[in-house]
Amino acid sequence: MQMGIMTFMHECTHSVLFKATWKNWAFGTFAIIPMFISFISFKEDHLIHHRHNRTQKDPDAFTMGKREIGDYILFYAYALVGIFLTAIQFTFIFPVQKFRGVKALIHWTEIVLHITLMVAVFYWASNQSIASEVFAIWFWPLIFFGFFNSIRFVAEHYGTPWNSGQLAGTRTIISNPINSWFWNNINYHIGHHVYPAVPWYNLQKLHALMLPEIERQNAIIDKSYFSVFLNAMIRGPESLEQNKKLNAARVVVNSF
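Position one of the sequence shown corresponds to residue 16 (this note's numbering), numbered consecutively onward.
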């Protein structure tokens, strides 16, 4: 359930889940509470990712580096405990680096709201002698969701051509209807990046319409998140040289 809620929250970052802006903000702010990060932090970071997909300015492109020891540590740490690194990034690192004035005020107000609500919930649960059960209902699904979110995150862009735009620099994964249902069609990721204003329920139709252009640009379509993720874990963090060789080989194979 958290997977679906988070992708609906993601829709709110593009202001497409609801027509009214305030509804997107309200839903996004409360939907993200279980992750203990602010909606404004996620939204601002995510929009930068869209503007600068697979470039040096892309905040999600930490898989691209010089393949030094620090790159390996960050890469595999995200694969294992990405949910905790995400909380640190969006609660402290990104806001401290980027937010001033009103945005900083909104961010820290959200964090205080989250803490207040969580304290209230666990105070009530403690009085009802069900604090451990409430913790389990919150924490373990979050860890489970976090691992699968790491798989999705890596698979969406890992190995795609560097600095090649929204279409070529993104991967669509057509796995199975259950996956699409849980992730609200975000697996049709090429279409989402090219047309982020298209709502989740039209992404499959958009993919069909875009297929000729996707094939013309030799963009990547795979059939398994796990396959892409496993391949990424074997290869390790990316480098520009590795990326060029990988995609040059892919072009040669697809030309036959």
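Where is the CB? At the ideal position from N, CA and C, for every residue including glycine.
The model shown is predicted, which means the values in this text are computed figures rather than measured ones.
Within 10 angstroms of the Cβ of V243, are there 16 or more other Cβ atoms? Answer buried if so, exposed if not. As a working note, residue 243 is residue 228 in the sequence shown. Classification for V243: buried.
Contact between the segment 159-171 and the segment 244-254 is defined here as three or more beta-carbon pairs at a separation below 8 Å; is this criterion met? Under the Cβ criterion (8 Å, minimum of three pairs), the segment 159-171 counts as touching the segment 244-254.
Quick one: grab the DSSP three-state call for R69. As a working mapping, residue 69 is identified with position 54 in the sequence shown. It is coil, neither helix nor strand.
Within 10 angstroms of the Cβ of P192, are there 16 or more other Cβ atoms? Answer buried if so, exposed if not. For the purposes of this step, residue 192 is identified with residue 177 of the sequence shown, where counting begins at 1. When all chains shown are included, P192 counts as exposed.
Suppose only complete runs of 4+ residues qualify. What are the alpha helix (DSSP H) ranges in the segment 33-89, listed by chain order? 36-46, 54-66, all fully within the segment 33-89.
Bounding residues of the alpha helix (DSSP H) (the contiguous stretch that carries I166): Residue mapping note: residue 166 aligns to position 151 of the sequence shown, counting from 1. Note, I166: alpha helix (DSSP H), 146-172.
Return the CA-CA distance between P273 and Q257, expressed in angstroms with no decimal places. Since the displayed the chain opens at 16 and closes at 271, residue 273 lies outside it and no answer follows.
Short of 8 Å in beta carbon distance, which residues of its chain neighbour F42, apart from the five on each side in sequence? Order them along the chain. Along the sequence shown, read from residue 1 onward, the residue named residue 42 stands at position 27. If we look at F42 and ignore the five residues flanking it on each side, its Cβ neighbours are F23, M24, C27, L32, F33.
Based on the DSSP secondary-structure assignment, which residues constitute the bridge partners of T187? Translated into the one-based positions of the sequence shown, residue 187 becomes position 172. By DSSP's assignment, T187 forms a beta bridge with I236.
Beta carbon of I63 nearer than 8 Å to that of P49: In the sequence shown, the residue the question calls residue 63 occupies position 48. In the sequence shown, the residue the question calls residue 49 occupies position 34. If you check the CB distance, I63 and P49 do not come in under 8 Å.
Quick check on the burial criterion: 16 or more other C-beta atoms within 10 angstroms. Buried or exposed for Q17? Against the sequence shown, residue 17 aligns to sequence position 2. Q17 comes out buried.
Would F51 and A102 be called neighbours here (beta carbons separated by less than 8 Å)? Locating residue 51 in the sequence shown gives position 36, where the first residue counts as 1. Locating residue 102 in the sequence shown gives position 87, where the first residue counts as 1. Against a cut-off of 8 Å, the Cβ pair of A102 and F51 comes out as a contact.
In terms of alpha-carbon separation, which member of F99, H129, H67 lies closest to A46? By 1-based counting over the sequence shown, the position of residue 46 is 31. Residue H129 holds the alpha-carbon nearest to the alpha-carbon of A46 among F99, H129, H67.
Residue environment, R69, which counts as buried when at least 16 other CB atoms sit within 10 Å: Counting from one through the sequence shown, the residue named residue 69 turns up at place 54. By the neighbour-count criterion, in which a residue is buried when 16 or more other Cβ atoms sit within 10 angstroms of its Cβ, R69 is buried.
Residues near F271 in its chain [Cβ-Cβ closer than 6 Å; skip 5 each side]: As a first step, residue 271 is located in the sequence shown; it is residue number 256 there, counting from the start. Note on F271: pLDDT 46, under 50, position unreliable in the model; the coordinate value appears next. None.
Where W155 falls, given that 16 or more other Cβ within 10 Å makes a residue buried: As a working note, residue 155 is residue 140 in the sequence shown. A residue is called buried once 16 or more other Cβ atoms fall within 10 Å of its Cβ, and W155, having fewer, is exposed.
If you measure between the beta carbons of A151 and F137, is that distance less than 8 Å? Working through the sequence shown from its first residue, we reach residue 151 at position 136. Working through the sequence shown from its first residue, we reach residue 137 at position 122. Contact flag unset, no.
Since E253 sits in a beta bridge, which residues does DSSP pair it with? As a working mapping, residue 253 is identified with position 238 in the sequence shown. DSSP, once it has assigned bridges, lists M79 as partnering E253.
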